[in-house]
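J.:
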Amino acid sequence: MTPTVKTLVNAEPEGRSAFLAARRTSTAVELTMTVLTVAVAVLIAFLVILATGKDASGALGALLTGPLDRTPRIGRWLADATTLSLLGLSVAIPFRARQISLGAEGQVYAGALAGALVAIHVPLPPVAAVLVPLGAAALAGAALGAVPGVMKARLGANEIVATLMLNAVVVRVFDYLLTDHLRSPASAAIQSDPVRPGSALPLLSDFFGVPLDQANIGLFGMLAVAAAVWFLLARTPLGYRIRMTGSNPEFALYGGIDVPRTIEWSFVIGGALAGLAGAHLALGVYGGLQPDMAGGLAFEGIVVALLARNNPVGVVAAALLYSYLRVGGDVMEQQTDVGSEAVTIIQAVIVLLVTARALPELVKRHLARKEAGR
Amino acid sequence: MNSVLDVVLSTGFLAAILRVSTPYVLAALGGLLAERAGVPNIALEGSMLTAACAGALVAGYSGSVWAGAACGIAAGALLTLLLGVLHLHLGADAIIAGIGLNLLASGATAYTVYALLGDKGGTSRLHSGALPSVRLPLIEDIPGLGPVLSGQNLMTWVALAAAPAVAWLLYRARFGFHLRAVGEFPEAARSVGIHVHRVQFLALALSGALAGAAGVFLSMGAVSFFVTGMTAGRGYIALAAVFLGALRPWGVFLAALGFGAAEALSVQLGNLDIPSQLVSAIPYVFTLLALAFFARRRLVKESV
Numbered sequence: 000m001t002p003t004v005k006t007l008v009n010a011e012p013e014g015r016s017a018f019l020a021a022r023r024t025s026t027a028v029e030l031t032m033t034v035l036t037v038a039v040a041v042l043i044a045f046l047v048i049l050a051t052g053k054d055a056s057g058a059l060g061a062l063l064t065g066p067l068d069r070t071p072r073i074g075r076w077l078a079d080a081t082t083l084s085l086l087g088l089s090v091a092i093p094f095r096a097r098q099i100s101l102g103a104e105g106q107v108y109a110g111a112l113a114g115a116l117v118a119i120h121v122p123l124p125p126v127a128a129v130l131v132p133l134g135a136a137a138l139a140g141a142a143l144g145a146v147p148g149v150m151k152a153r154l155g156a157n158e159i160v161a162t163l164m165l166n167a168v169v170v171r172v173f174d175y176l177l178t179d180h181l182r183s184p185a186s187a188a189i190q191s192d193p194v195r196p197g198s199a200l201p202l203l204s205d206f207f208g209v210p211l212d213q214a215n216i217g218l219f220g221m222l223a224v225a226a227a228v229w230f231l232l233a234r235t236p237l238g239y240r241i242r243m244t245g246s247n248p249e250f251a252l253y254g255g256i257d258v259p260r261t262i263e264w265s266f267v268i269g270g271a272l273a274g275l276a277g278a279h280l281a282l283g284v285y286g287g288l289q290p291d292m293a294g295g296l297a298f299e300g301i302v303v304a305l306l307a308r309n310n311p312v313g314v315v316a317a318a319l320l321y322s323y324l325r326v327g328g329d330v331m332e333q334q335t336d337v338g339s340e341a342v343t344i345i346q347a348v349i350v351l352l353v354t355a356r357a358l359p360e361l362v363k364r365h366l367a368r369k370e371a372g373r
Numbered sequence: 000m001n002s003v004l005d006v007v008l009s010t011g012f013l014a015a016i017l018r019v020s021t022p023y024v025l026a027a028l029g030g031l032l033a034e035r036a037g038v039p040n041i042a043l044e045g046s047m048l049t050a051a052c053a054g055a056l057v058a059g060y061s062g063s064v065w066a067g068a069a070c071g072i073a074a075g076a077l078l079t080l081l082l083g084v085l086h087l088h089l090g091a092d093a094i095i096a097g098i099g100l101n102l103l104a105s106g107a108t109a110y111t112v113y114a115l116l117g118d119k120g121g122t123s124r125l126h127s128g129a130l131p132s133v134r135l136p137l138i139e140d141i142p143g144l145g146p147v148l149s150g151q152n153l154m155t156w157v158a159l160a161a162a163p164a165v166a167w168l169l170y171r172a173r174f175g176f177h178l179r180a181v182g183e184f185p186e187a188a189r190s191v192g193i194h195v196h197r198v199q200f201l202a203l204a205l206s207g208a209l210a211g212a213a214g215v216f217l218s219m220g221a222v223s224f225f226v227t228g229m230t231a232g233r234g235y236i237a238l239a240a241v242f243l244g245a246l247r248p249w250g251v252f253l254a255a256l257g258f259g260a261a262e263a264l265s266v267q268l269g270n271l272d273i274p275s276q277l278v279s280a281i282p283y284v285f286t287l288l289a290l291a292f293f294a295r296r297r298l299v300k301e302s303v
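If you read the sequences in order, they're chains W and R. Just so you know, we're using numbering that gives the first Met the number 0 here: the first sequence kicks off at 0 and counts up by one. Just so you know, we're using numbering that gives the first Met the number 0 here: the second sequence kicks off at 0 and counts up by one.
#1: Near R/H86, what residues of its chain come up, given a Cβ to Cβ distance below 8 Å and the 5 sequence neighbours on each side ignored?
#2: Report buried or exposed for W/N310, applying the criterion of at least 16 other Cβ atoms within 10 angstroms of its Cβ.
#3: Looking only at C-alpha atoms, which of R/G234, R/V112 and R/A239 sits nearest to R/G45?
#4: Measure the beta-carbon distance from R/S127 to R/S223 and round it to whole angstroms, keeping in mind my assumption that it falls under 8 Å.
#5: What does a CB cutoff of less than 7 Å around W/Y175 pick up in its chain, not counting 5 residues either side in sequence?
#6: Against R/V284, what residues of chain W qualify as contacts under a CB-to-CB distance less than 7 Å, listed in chain order?
#7: Within the same chain, show all residues whose beta-carbon is closer than 7 Å to that of W/V353, passing over the 5 residues directly before and after it, in chain order.
#8: Anything in the segment 264 to 281 of chain R with a Cβ closer than 7 Å to a Cβ of chain W? List those residues in chain order, please.
#9: Tell me which same chain residues have a C-beta within less than 7 Å of the C-beta of W/A128, skipping the five on either side of it?
#10: Please state the DSSP three-state secondary structure of W/Q190.
#11: If you draw a straight line from the C-alpha of W/A111 to the C-alpha of W/L130, how long is it?
#12: Comparing the C-beta of W/R171 with each C-beta of chain R, is any distance below 8 Å?
#13: Quick check: W/R72 and W/V337, are their CB atoms within less than 8 Å of each other?
#14: So, helix, strand or coil for W/N310, using DSSP?
#15: Run through DSSP, which three-state label would W/R182 get?
#16: If you drop the 5 nearest sequence neighbours on each side, which residues of the same chain put their C-beta closer than 6 Å to that of W/G283?
#17: Can you tell me the Cα-Cα spacing of W/V302 and W/A355, whole angstroms?
#18: Residues in the segment 279 to 305 of chain W with C-beta within 9 Å of chain R's C-beta atoms, listed in sequence order?
#19: Pull up the distance between the alpha-carbon of W/L42 and that of W/V342, whole angstroms please.
#20: Give me the Cα-Cα distance between W/M150 and R/V24, rounded to the nearest whole angstrom.
#21: Quick one: using the 10 Å Cβ neighbour count with 16 as the cut-off for buried, is W/T64 buried or exposed?
#22: So, helix, strand or coil for W/Q213, using DSSP?
#23: Hey, does W/T335 have any beta-carbon neighbour from chain R nearer than 8 Å?
#24: Do the segment 199 to 215 of chain R and the segment 285 to 294 of chain R touch if we need at least three Cβ pairs shorter than 8 Å?
#25: Taking DSSP as the reference, what is the three-state secondary structure of W/T354?
#26: I want to verify the contact list: residues of chain A whose CB lies under 7 Å from the CB of W/Q106, in sequence order.
#27: If R/A15 sits next to R/A263, beta carbons under 8 Å apart, how far is it from one beta carbon to the other, in whole angstroms?
#28: Can you say whether W/S56 is buried or exposed, counting buried as having 16 or more other CB atoms within 10 angstroms of its CB?
#29: May I ask which residues mark the beginning and end of the alpha helix (DSSP H) holding R/H86?
#30: Return the CA-CA distance between W/S89 and W/D79, expressed in angstroms with no decimal places.
#31: With 16 as the cutoff for other CB atoms within 10 Å, does W/F206 come out buried or exposed?
#32: Report the option in R/A204, R/V147, R/D118 and R/P142 whose CA atom is closest to the CA atom of R/F73.
#33: Would the beta-carbon of W/L143 fall within 8 Å of that of W/Q98?
#34: Kindly say whether R/L287, judged by its beta-carbon, lies nearer than 8 Å to any beta-carbon of chain W.
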């Protein structure tokens, strides 16, 4: 089907509707693929649990229905998904510029630290008491994102190593500051003083009158951030530059795009979002600083971004799915003798299936063979 | 300050550096082989963890530390072969597949230990034993060096031997020549009849086996049981050592020793009034600076 002059001339109206139709189909195909991938991963977990001689259907029942059983669990799910979405969005932006930034972990701790320091020590009027710590957290995350960004864009340093090293440094500095300087004398455990009441993110329980654990208005903030990231990537010049840099840096350069500057911005904006995720943990979930407070969330944010193919709306959906499995895993462990690690296996299988593009590839090969045989 | 110097200059501390560096050296040399073959191996962490778990479990159930060590090393190699299948055959991104495999390793090891022993923490109730420490009569008598080397665990000796072995393999052996050719320019290597994928698979297997040996040291050398998540990011640090060592065997070896020395120092300084977290952060700061410096130097060279 080589384009003739006629089709080229007529391309305007027909082409657009055909393009939109094709995009709808490809979205539908991708959605089906994602659901299939998750189903296959759950099936594999089912077989693994069965192989260890445990009650697999009971365990998976608890895993899949548990999070909706009680309202506090729903709250935990939403709070977890909020942090995870912010982290997923934070890496999706550099990923879009084809920068493999693994720095979210350090940025989360920097954000939590900056946000909590302001929220604990600075008395502020209402509203500002919440917004100023959030701004501080975003700034801290952005500053930390700028370091590997500049190193990669201006010096050509490997961003994977740079971000991993920065993580190691920041986590240790955080640990040192928390144990040696910020530790609350009032508490036996290692943790900071609680944030001022006015600075804590208001809990959703207070609005809806049902116990929702730590879920807070950060949820709506996250949705706004996701919309903003979508707008940034799809509708702004910077977003265009980021996407061009990611899909073909040489072409972007010839097209007059300042590729190094674009790479730097992708790191800085990503860092700011990871900083906000840290603030959500410090001001919303924990109400202070705790050792190891981000757990493995930063790396799971990478998984979420990957699962969503760096699409902002998809990131939120993937984070909701992912957190659902996390909370379900805890329920499963409480109610059955199957460890919550089974969920990690499910998550890992999802990652491997998605990145390998194994399913479509195998299906395609199978179909091709059928056709050839006919 | 005197007490710090006393600590640093004691033979006990030098021996501790070797001990602490062992997993870094082994895993980093493994990472080097994969990297030079053109496949970044982020799954070092997962290989170590899988090997540490498999080693302790097999040793505990079979009663033989040797069977445990062999199975551990094989398990480490198996995980990187999986990376090879995903990346080379199924078109997966090596970095993301590596992260996925690390996730898989952390889930599968914890799940297996809990399912078999009912203990979330690890295999401490299994009494799996450790690999023997080695005393060589001649080396023991060398003044200065003797007390440092003597009585080190078998795997520490393996790590010390691995550096020259990898250097020989890369620069003197035919396979190493092929490996470097494949890593630098696969098309050219293919055009002269080198089996690119076969070389890469072999490099990955060796890489995983070395990372596996590092994991075996953790659960059957440093201590004699597996602890959930006991690698604690060492695989990622080893990866950094690969780049800090400028992708050369002896450079990588020294970088890994540097990370080990800083960790050993931070443990020692825990007794004194110096914050151990800050000391243990030093090698990472140093790596960042070195990364920027070397990248800049290359940039300057290229622009000339």
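C-beta atoms are modelled at their ideal positions from N, C-alpha and C, and glycine is treated no differently.
T.: Looking at the coordinates:
#1: Translated into positions along the second sequence, residue 86 of chain R becomes position 87. Correct list, in chain order: V38, D92, A93 and A96.
#2: The residue labelled residue 310 of chain W in the question sits at position 311 within the first sequence. Answer is buried; the Cβ neighbour count reaches 16.
#3: On the second sequence, residue 45 of chain R is found 46 positions in, with the first residue counted as 1. Answer by Cα proximity: R/G234.
#4: Counted from its first residue, the second sequence places residue 127 of chain R at position 128. Counted from its first residue, the second sequence places residue 223 of chain R at position 224. Correct: roughly 6 Å between the Cβ atoms.
#5: What you label residue 175 of chain W is simply residue 176 of the first sequence in a count that begins at 1. Once the five neighbours on either side are set aside, W/Y175 has no close Cβ partner at all.
#6: Numbered from its first residue, the second sequence carries residue 284 of chain R at position 285. At a beta-carbon threshold of 7 Å, the residues of chain W lying near R/V284 are V168, ordered along the chain.
#7: By 1-based counting over the first sequence, the position of residue 353 of chain W is 354. So the list reads T36, L305 and L306, once near-sequence residues are dropped.
#8: For the segment 264 to 281 of chain R, which is checked against every Cβ of chain W, the residues closer than 7 Å are P274, Q276, L277, S279 and A280.
#9: As a first step, residue 128 of chain W must be located in the first sequence, where it is residue number 129. If we look at W/A128 and ignore the five residues flanking it on each side, its Cβ neighbours are R195, G197 and S198.
#10: Start at 1 with the first residue of the first sequence, and residue 190 of chain W comes out as number 191. Correct three-state label for W/Q190: coil.
#11: The count along the first sequence starts at 1 and reaches residue 111 of chain W at position 112. The count along the first sequence starts at 1 and reaches residue 130 of chain W at position 131. Those two C-alpha atoms are separated by around 14 Å.
#12: The residue given as residue 171 of chain W occupies position 172 in the first sequence. Taking Cβ atoms only, chain R reaches closer than 8 Å to W/R171, which makes this a yes.
#13: Counted from its first residue, the first sequence places residue 72 of chain W at position 73. Counted from its first residue, the first sequence places residue 337 of chain W at position 338. For W/R72 and W/V337, no; Cβs fall outside 8 Å.
#14: Residue 310 of chain W sits at position 311 when you count from the first residue of the first sequence. Of the three classes helix, strand and coil, the one that applies to W/N310 here is coil, per DSSP.
#15: As a position in the first sequence, residue 182 of chain W is number 183, starting the count at 1. Of the three classes helix, strand and coil, the one that applies to W/R182 here is strand, per DSSP.
#16: Within the first sequence, residue 283 of chain W is the residue found at index 284, counting from 1. Same-chain partners within the cutoff: L200, N215 and G217.
#17: Translated into the one-based positions of the first sequence, residue 302 of chain W becomes position 303. Translated into the one-based positions of the first sequence, residue 355 of chain W becomes position 356. Taking the straight line joining both Cα atoms gives about 13 Å.
#18: Hits within the stretch, in order: G295, F298, E299, I301, V302 and L305.
#19: Residue numbering aside, residue 42 of chain W sits at position 43 when the first sequence is read from its first letter. Residue numbering aside, residue 342 of chain W sits at position 343 when the first sequence is read from its first letter. Each residue's alpha carbon lies about 12 Å from the other.
#20: Here residue 150 of chain W is taken as the residue at index 151 of the first sequence, counted from 1. Here residue 24 of chain R is taken as the residue at index 25 of the second sequence, counted from 1. Between W/M150 and R/V24, the C-alpha separation is close to 27 Å.
#21: Walking along the first sequence from the start, residue 64 of chain W turns up at place 65. Exposure of W/T64 is indicated by the presence of fewer than 16 other C-beta atoms within 10 angstroms of its C-beta.
#22: What you label residue 213 of chain W is simply residue 214 of the first sequence in a count that begins at 1. Here W/Q213 sits in coil by DSSP.
#23: Counting from 1 along the first sequence, the entry for residue 335 of chain W is found at position 336. With 8 Å as the cut-off, W/T335 does not count as an interface residue toward chain R.
#24: no
#25: Here residue 354 of chain W refers to the residue found at position 355 when the first sequence is read from its first residue. DSSP places W/T354 in helix when its eight states are reduced to three.
#26: The question asks about chain A, but that chain is absent: this structure's protein chains are W and R.
#27: By one-based count along the second sequence, residue 15 of chain R stands at place 16. By one-based count along the second sequence, residue 263 of chain R stands at place 264. Indeed, because the Cβ distance is near 4 Å, the residues count as touching under 8 Å.
#28: For the purposes of this step, residue 56 of chain W is taken as residue 57 along the first sequence, with counting starting at 1. Label assigned to W/S56: exposed.
#29: Position 87 of the second sequence, counting from 1, holds the residue named residue 86 of chain R. Neither: R/H86 is in no alpha helix (DSSP H) and is coded neither H nor E.
#30: Position 90 of the first sequence holds residue 89 of chain W. Position 80 of the first sequence holds residue 79 of chain W. One C-alpha to the other measures close to 15 Å.
#31: Within the first sequence, residue 206 of chain W is the residue found at index 207, counting from 1. Label assigned to W/F206: exposed.
#32: What you label residue 73 of chain R is simply residue 74 of the second sequence in a count that begins at 1. First, the residue type needs correcting, since residue 73 of chain R is Ala and not Phe in the sequence shown. For the residues R/A204, R/V147, R/D118 and R/P142, the minimum Cα distance to R/A73 belongs to R/A204.
#33: Position 144 of the first sequence, counted from the start, is the residue given in the question as residue 143 of chain W. Position 99 of the first sequence, counted from the start, is the residue given in the question as residue 98 of chain W. No; because the gap between Cβ atoms is not below 8 Å, this pair is not in contact.
#34: Numbered from its first residue, the second sequence carries residue 287 of chain R at position 288. At a cut-off of 8 Å, the C-beta of R/L287 has a neighbouring C-beta in chain W.
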